[in-house]
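In the working numbering, the protein residues as written are 4 to 124.
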């Protein structure tokens with residue numbers, strides 16, 4: 004069961020559940036149309052944005068070019084620039100409030116990304 008965390012105009016934000024994986028893969032492959040498999044850039048999805056009950060964006064923990072924990076946001080063309088900024092702001096605030104090891108422990112995140120890659124590919 005999905006519980007919205009907040010509501011901004013027509014956007015709803017929620018944590019990611021297993022049932023969200025199919026639309027997240029679709030959004031990811033829109034960003035990387037030449038990919039046939041999920042890559043480490045998919046990361047560990049942790050928040051989604053829904054508009055009119057359809058998943059339109061997700062935030063995912065990744066490693067940046069400096070091998071530091073970071074996040075990336077993938078979205079569909081349905082979102083306006085303002086909505087994208089609202090979602091990024093929500094994600095940033097959400098991360099600041101979390102104490103979970105996934106958000107802070109690089110080894111744990113690497114293991115989780117590898118497990119997701121094995122599972123989805």
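Glycine residues also receive a C-beta, built at the ideal position from the N, C-alpha and C atoms.
- Put residue 11 into one of helix, strand or coil per three-state DSSP. Interpretation of residue 11 is limited by its pLDDT of 47, a score under 50 that renders its predicted location unreliable; the figure taken from the coordinates is listed afterwards. The answer is strand: DSSP assigns residue 11 an E or B state.
- Message: Taking its Cβ as the centre, do 16 or more other Cβ atoms sit within 10 Å of residue 95, making it buried, or is it exposed?
- Response: By the neighbour-count rule (16 or more Cβ atoms within 10 Å), residue 95 is not buried but exposed.
- Message: Whole angstroms are fine: how far does the CA of residue 91 sit from the CA of residue 84?
- Response: The straight-line gap from Cα to Cα measures roughly 11 angstroms.
- Would you mind sorting residue 37 into buried or exposed? The rule is 16 or more other CB atoms within 10 Å of its CB. Classification of residue 37: exposed, given that the 10 Å Cβ count is below 16.
- Query: Just how far apart, CA to CA, sit residue 118 and residue 46?
  - Reply: Straight-line measurement puts the Cα of residue 46 at about 10 angstroms from the Cα of residue 118.
- What is the residue span of the beta strand (DSSP E) that residue 48 lies within? 47-54 is the extent of the beta strand (DSSP E) around residue 48.
- Message: Just to confirm the assignment, what range does the beta strand (DSSP E) spanning residue 59 have?
- Response: For residue 59, the enclosing beta strand (DSSP E) has its first and last residue at 57-66.
- Query: At what residues does the beta strand (DSSP E) containing residue 124 begin and finish?
  - Reply: Where residue 124 is concerned, there is no enclosing beta strand (DSSP E), given that its DSSP letter is neither H nor E.
- Item | Endpoints, alpha helix (DSSP H) assigned at residue 91 | Counting along the chain, the unbroken alpha helix (DSSP H) around residue 91 starts and ends at 84-100.
- Task: Enumerate in chain order the residues of its own chain whose CB-to-CB distance from residue 23 is below 7 angstroms, with the five nearest sequence positions on each side excluded.
- Result: 51 and 58.
- Item | residue 123 versus residue 27: straight-line alpha-carbon distance, rounded | The alpha-carbon separation between residue 123 and residue 27 amounts to approximately 11 angstroms.
- Task: Would you mind working out which of 34, 13, 60 and 49 sits nearest residue 20, comparing C-alpha positions?
- Result: Residue 49 is the option with its Cα nearest to residue 20.
- Item | Rounded C-alpha distance that separates residue 55 from residue 97 | Their backbone Cα atoms lie some 22 angstroms apart in a straight line.
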